[in-house]
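One structure is given here, and the rest of the page talks about it.
2 protein chains.
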Amino acid sequence: MISVAVLGNGVVGSGVCELINKNDNNIKLSKILVKNIDKHKNDKNHNIITDKIEDIFGKDIDIVVELIGGIHPAYEYIKKSLNNKKHVITANKDLISKYGEELLEIAYQNNVKLYFEASVGGGIPIIKNLKNYLASNEIKSIKGILNGTTNFILTKMDKEKTSYTNALKTAQELGFAEADPSSDIKGYDSARKLSILSTIAYEKKVNWENFKVEGIDDITETDIKKANELGGVIKLLGISNFEKGKIYASVRPVIVTKDSEFAKINNEYNSIIVEGDSVGRLTFTGKGAGKLPTATAVYSDIVDSIQNKENSFLFNYEKAFIENHSSEQCDWYIKINYKNSHKVLNELTEHFKNIDLEVNKKTNQILVIVKSEHEEYINAVSNKLLQSQDVKSLNSLMILNN
Amino acid sequence: MISVAVLGNGVVGSGVCELINKNDNNIKLSKILVKNIDKHKNDKNHNIITDKIEDIFGKDIDIVVELIGGIHPAYEYIKKSLNNKKHVITANKDLISKYGEELLEIAYQNNVKLYFEASVGGGIPIIKNLKNYLASNEIKSIKGILNGTTNFILTKMDKEKTSYTNALKTAQELGFAEADPSSDIKGYDSARKLSILSTIAYEKKVNWENFKVEGIDDITETDIKKANELGGVIKLLGISNFEKGKIYASVRPVIVTKDSEFAKINNEYNSIIVEGDSVGRLTFTGKGAGKLPTATAVYSDIVDSIQNKENSFLFNYEKAFIENHSSEQCDWYIKINYKNSHKVLNELTEHFKNIDLEVNKKTNQILVIVKSEHEEYINAVSNKLLQSQDVKSLNSLMILNN
């Protein structure tokens, strides 16, 4: 009989307890750590609920499932669990993207496992497929809708033609967005997840702090409408690729056209496209959050920690140098809030040969479509325009066909 | 060092050898079994090529990779390998769908593994995700584009508005279809794959011989055009579901509308949607065939057979009773080649309340759209019409929105 302790009894924690109790096998739920034990007096599991972390580190626990979230005290608890020779399963993306290499090494030294499938993609089995199934492949690129909250908001804005503010409010009311949604909205959550996937895929430590990260809080109804006119929709994408020894990574809103697999990924769904040198393009789609989808991922890690012999997986400590612009050319949509339309138009026609322009004198906006251009050049021109007196603000979105 | 013998040196076999040689680890290619050794005198691997099957069963081989295909002698070779305590990896769907339960039991008795990831979905990791990752879930349904050849032909017919015969010819010229393509075209290949997935998912032996299996050889340009008018495309789908203790399974051409995830799956790509009670809907998409995608799946099985401790996976011998009609209602497209249009029209309006009709007196065809109807009723009316003197032939296609 394998004995499991679950730290945290929130949405995912209670889902994991449910799956352990439902599945008839040799895995036993032995302890549940909570903050306030008085709240749980009437729980079905009350006889195994504790608020003493020491209960977790005893010899009777084989596997620790950390679902507290955040850096502290999760970091300390995981470290101590590993040092006490317990396998650790976590869904903590903040922690793994920050301290993954150190914690994996501690696990390795102690001959136990540290698995974190649920830290990326909720119910989608992306980490084990990247780490194990694709081990024979050189990974060329990863593209993904990695955050359910922002995808829910963007879907709402697109389907109901509602404002960002309204869509965010609905998401919060329905429990799809937290009271402080900034980590999701600003793209940091996606960036942490992309950093975990990229670190596994490219075998160098890919720090998300070095990415270009843009959120969705600047997306307006104008942008949604323009995306629709182009036959597409706006999605927040994490993109990384590996080419000639260089790693490019970014998180940003992108217009995906109707031929893209991402175009139909709506609401809380996540989708990740991995390209390997042998396997080609592989796509994984599923629910990116939620009690039982995430619990499915955690539970599979519990089983794997028992059944897998391998114990050699480590993050590379060597830090990857992150390129700020992709070497690929694509089309671009640029929205400019101007002060002086003539001067801006002059600059645009001077710098770009192949563009479509739409000037709205009521809103003082210019919408530009630039055909097949490099990100580096788009950024350079954008920065130049932003520094001039003639431009109030500027946003640029990639247009992706697949 | 783990020693591998590969039986068969065709497309996938040579891909597996390539991946073993490329990946720097403790897996060594020790023998390659071929039919005619004289053909391989100048091969890079010629010193390990043999035409003597006895070379495979010796103590120096740890893992046997069977890529000969077909039932005999693959069945005998696998049996003997397992009985000689060797792990066996195979891509052989014919064999697994027919003798899977027996071979898995022999593996179990000998405390070795029999893995067959590449038998379904080419480069898509569907079997290990169904078997391991989703072990905690009750699987409710499986829907999939499971055959690359037919998907290539249907894509060609759709994009280029060409006939079935022309599309098949192109597929054969490009190596996407075999000289005798009947197993693909008639849906038997998809049925075997669906039977393997369903046997794992529903934990009963799901024999494909009991499915309703329809191929794509009756699909005409008229059908493609009609599907497009309905905002969809035609795909050959394997569908199974488990509801209230009953298993429904079929392989048939289906009109998938533009909102379906399957609508964008083109050419040699396969896509499989699994619905679990906890995880919800999970979609896996990738190349369903080809040298290195399939070799990726085989290679991952080699690694898993070394790294996994579990050795308890068995097919259930208990045979599933297969329902012939789904309990779900959906829309239907029916094409009737008639002798007497009046009588057929009378029958149709008598049996269906909510239909759209299109009569073509030049081609003697009636195209019918029936709204939200059960398969059982569609089949009953179709059979009645087919038995009358007034109908020459009749085809019915499901219309699926997701």
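If you read the sequences in order, they're chains A and B.
At the far end of the first sequence sits residue 1069, using the working numbering, and the numbering has no gaps.
At the far end of the second sequence sits residue 1069, using the working numbering, and the numbering has no gaps.
Ideal Cβ placement from N, Cα and C applies to all residues, glycine included.
Note that the coordinates shown come from a computational prediction; the quantities given were computed from them, not determined experimentally.
Quiz item: Using a beta-carbon distance cut-off of less than 7 Å, what residues from the region 968-987 of chain A approach chain B?
Solution: 970, 974, 975, 976 and 977
Quiz item: Any idea if residue 758/A is buried or exposed, counting beta-carbon neighbours within 10 angstroms, 16 or more meaning buried?
Solution: buried
Quiz prompt | Range covered by the beta strand (DSSP E) that runs through residue 668/A | solution = Where residue 668/A is concerned, there is no enclosing beta strand (DSSP E), given that its DSSP letter is neither H nor E.
Practice problem: Only counting runs of 4 or more residues, tell me where the alpha helix (DSSP H) segments fall wholly within the region 770-831 of chain A, in order along the chain. | Solution: 815-827
Practice problem: Can you pull the chain A residues whose beta carbon is under 7 Å from the beta carbon of residue 951/B, in chain order? | Solution: 951
Exercise. Name, please, each residue of chain B whose Cβ falls closer than 8 Å to the Cβ of residue 943/A.
Key: 963
Quiz prompt | Residue environment, residue 1065/B, which counts as buried when at least 16 other CB atoms sit within 10 Å | solution = buried
Practice problem: Report buried or exposed for residue 984/B, applying the criterion of at least 16 other Cβ atoms within 10 angstroms of its Cβ. | Solution: exposed
Quiz item: From this set, 807/A, 812/A, 727/A and 805/A, which residue's C-alpha is nearest residue 851/A's C-alpha?
Solution: 812/A
Quiz prompt | Chain-ordered chain A contacts of residue 775/B [CB-CB under 8 Å] | solution = Within 8 Å Cβ-Cβ: nothing; residue 775/B doesn't reach chain A, min ~15 Å.
Quiz prompt | Beta-carbon separation (whole angstroms), residue 912/A vs residue 807/A, contact threshold 8 Å | solution = Their Cβ separation, rounded to whole angstroms, is 13 Å, which puts residue 912/A and residue 807/A out of contact at 8 Å.
Quiz item: If you scan the region 876-958 of chain B from start to end, which runs of the alpha helix (DSSP H) of 4 or more residues do you find wholly inside it?
Solution: 888-896
Self-check item: Spatial distance of residue 772/B from residue 869/B (CA atoms)
Solution: 18 Å
Quiz item: Does residue 920/B come within less than 7 Å of chain A when only Cβ atoms are used?
Solution: no
Exercise. Just list the beta strand (DSSP E) runs in the region 710-779 of chain A, keeping only unbroken ones of 3 residues or longer that don't cross its boundaries, in chain order.
Key: 730-733 and 754-757
Practice problem: Establish whether the CB of residue 796/A and some CB of chain B are separated by less than 7 Å. | Solution: yes
Self-check item: Residue interval of the beta strand (DSSP E) (run including residue 984/B)
Solution: Per DSSP, residue 984/B belongs to no beta strand (DSSP E) and is neither H nor E.
Self-check item: Residue nearest to residue 1006/B in terms of C-alpha spacing, selected from 1052/B, 993/B and 989/B
Solution: 1052/B
Self-check item: residue 744/B at chain A interface by Cβ criterion, 7 Å
Solution: no
Practice problem: Confirm, please, whether the CB-CB distance from residue 972/A to residue 782/A is below 7 Å. | Solution: yes
Quiz item: In its own chain, which residues sit with a C-beta less than 7 Å from the C-beta of residue 837/A, not counting the 5 before and 5 after it?
Solution: 823
Self-check item: For residue 705/A, the three-state DSSP class (helix, strand or coil)
Solution: helix
Exercise. Report the neighbours of residue 792/B on chain A: residues whose CB is nearer than 7 Å to its CB, in chain order.
Key: 796 and 800
Practice problem: At 7 Å on the CB atoms, spell out the chain A contacts of residue 670/B, in chain order. | Solution: Within 7 Å Cβ-Cβ: nothing; residue 670/B doesn't reach chain A, min ~18 Å.
Practice problem: Closer than 8 Å by C-beta to residue 830/B: which residues in its own chain qualify, once you throw out the five before and the five after it? Chain order, please. | Solution: 824, 887 and 888
Practice problem: Show which residues of chain A have a CB atom less than 7 Å away from the CB atom of residue 966/B. | Solution: 803
Quiz item: Would you call the region 933-948 of chain B and the region 796-806 of chain B touching, i.e. three or more CB-CB distances under 8 Å?
Solution: yes
Self-check item: Cβ-based contacts, 7 Å cut-off: residues of the region 670-691 of chain A near chain B
Solution: 686 and 690
Quiz item: To which residues of the same chain is residue 746/B closer than 8 Å at the C-beta, ignoring the five residues directly before and after it?
Solution: 770 and 773
Quiz prompt | For residue 1060/B: DSSP bridge partner residues | solution = 1004/B
Quiz prompt | Span separating the alpha-carbon of residue 1057/A from that of residue 891/A | solution = 25 Å
Quiz item: Okay, do the region 1015-1024 of chain A and the region 1036-1046 of chain A touch, 3+ Cβ pairs below 8 Å being the bar?
Solution: yes
Exercise. Kindly say whether residue 771/A, judged by its beta-carbon, lies nearer than 7 Å to any beta-carbon of chain B.
Key: no
Quiz item: Taking Cβ-Cβ distances shorter than 7 Å, what residues in chain A pair up with residue 725/B?
Solution: None at all; the shortest Cβ gap to chain A is about 25 Å.
Exercise. Taking only beta carbons into account, state which residues of the region 821-845 of chain A come closer than 7 Å to chain B, listed in chain order.
Key: none
Practice problem: Pull up the CB-CB distance for residue 843/B and residue 989/B, whole angstroms please, since I reckon it's below 8 Å. | Solution: About 30 Å separates the two Cβ atoms, so there is no contact after all.
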